[in-house]
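The block underneath contains the structure these notes are about, expressed in structure tokens.
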Ligand code: SF4
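In the working numbering, the protein residues as written are 338 to 695.
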């Protein structure tokens, strides 16, 4: 039997039950989910499914990441709510690809872990599955493992196995609506040009779950805990001097004002920190940065593309400004000159929760 898998949260308990109910069946997991955006999130969910299947001793195959085809299929339905027609097309795509794979492998049955997901319509999945059975001659196995106390046991399995609990269904469109509703920034969908791993980014979660896998392999004791913290994202930053944009590096947790723009001059220099006459902005030169950080950057541009690790940067900020809860803008430039500066910083700070491994 081929079991289409959407994520480990849904598959772990579902596969346990299928194994129990079909003890003589040879099971094969199939991860085909081009609906998951961005690609880093897709990799993270795959990593988790791989870990869960390994624990359950079930072989796993990965389907193609047919993102473009999936986007073409849901075109015009981007703004429809979850459980609407876009989701029907999404189930259709995933199940049809799975039944084709099942046939190719010579399986006579197929099913999907989407059936246990509380936000998915079991009725729609049953209709799609039965239609595919008629079309391809592979039996669709409908199982309702979520009724009764199924949801509760599923939650327990997630905890016991430290699985990754994602907080959105998968696609960009569902996520957009969800974040708009929550009035929350959609930080999953962007990456800094520096490739710095930001707090509570998908890349950081990916690192964390790789670490979990290592701890599991080494049979080390660990626990995944949650922490509340002040998160930060820099959307854009620019410094203009004499009508020219100069290379500048904006430190994490730099905030200026609601307009995201200010202009003025440097009015004081003390201990290698240059104080601006507006909006509490401070400049340091690259030389000062290198002295504090014990680094050897040749230019500010190099720093932009190859910055320090995020935590190192925050520690350095504290070392320079001597204030752990300071949010003033701290900007690194090659040199500070006596001229008019125009500064654009578009950034957000927000309360957030992140996972840590202890
Ligand atoms: S909300 Fe979920 S089920 Fe619906 S289209 Fe997006 S990824 Fe697919």
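Beta carbons: idealized from backbone N, C-alpha and C, even for Gly.
For residue i, collect the residues of the same chain with a Cβ closer than 6 Å to its Cβ; drop the 5 residues on either side in sequence, then sort them by chain order.
i	result
residue 383	368
residue 473	436, 440
residue 661	655
residue 561	499, 692, 694
residue 626	669
residue 404	371
Quick check on residue i: does DSSP put it in helix, strand or coil?
i	result
residue 606	strand
residue 365	strand
residue 541	helix
residue 308	No information on residue 308 is available, as it lies outside the stretch 338 to 695 that the chain covers here.
residue 601	strand
residue 399	strand
residue 526	helix
residue 459	helix
residue 419	coil
residue 579	coil
residue 679	strand
residue 585	strand
residue 671	coil
residue 569	strand
residue 499	coil
Tell me the rounded alpha-carbon separation between residue i and residue j.
i	j	result
residue 604	residue 621	13 Å
residue 380	residue 372	12 Å
residue 666	residue 612	10 Å
residue 640	residue 540	20 Å
residue 656	residue 649	10 Å
residue 415	residue 537	26 Å
residue 424	residue 346	19 Å
residue 515	residue 535	22 Å
residue 555	residue 460	43 Å
residue 420	residue 457	7 Å
residue 359	residue 501	27 Å
residue 418	residue 510	9 Å
residue 428	residue 462	7 Å
residue 592	residue 684	6 Å
residue 557	residue 493	21 Å
residue 503	residue 643	29 Å
residue 617	residue 659	14 Å
residue 400	residue 631	46 Å
residue 566	residue 688	6 Å
According to the Cβ coordinates, are residue i and residue j closer than 7 Å?
i	j	result
residue 386	residue 436	no
residue 483	residue 453	yes
residue 582	residue 571	no
residue 686	residue 569	yes
residue 491	residue 350	yes
residue 343	residue 451	yes
residue 576	residue 690	no
residue 682	residue 574	yes
residue 469	residue 512	no
residue 610	residue 619	yes
residue 589	residue 651	yes
residue 376	residue 550	no
residue 374	residue 508	yes
Excluding five sequence neighbours on each side, which residues of the same chain lie with their C-beta closer than 8 Å to the C-beta of residue i?
i	result
residue 615	599, 600, 601
residue 426	410, 411, 414
residue 606	612, 673
residue 542	381, 501, 692
residue 523	512, 513, 516
residue 545	561, 692, 693, 694
residue 353	393, 494
residue 529	535, 571
Leaving out five residues before and five after residue i in sequence, what residues of the same chain have Cβ atoms less than 7 Å from its Cβ?
i	result
residue 637	584, 585, 586, 623, 669, 670, 671
residue 339	365, 367, 435, 438, 439, 442, 444, 447
residue 629	653, 656, 657
residue 579	676
* the stretch 352 to 366 in contact with the stretch 390 to 400 per 3-pair CB rule at 8 Å -> As far as the Cβ criterion goes, the stretch 352 to 366 touches the stretch 390 to 400, which means the pair count is three or higher.
* Asked: Are the stretch 442 to 450 and the stretch 403 to 422 touching, with three or more C-beta to C-beta distances below 8 Å?
  -> Flag = no, the stretch 442 to 450 and the stretch 403 to 422 do not touch.
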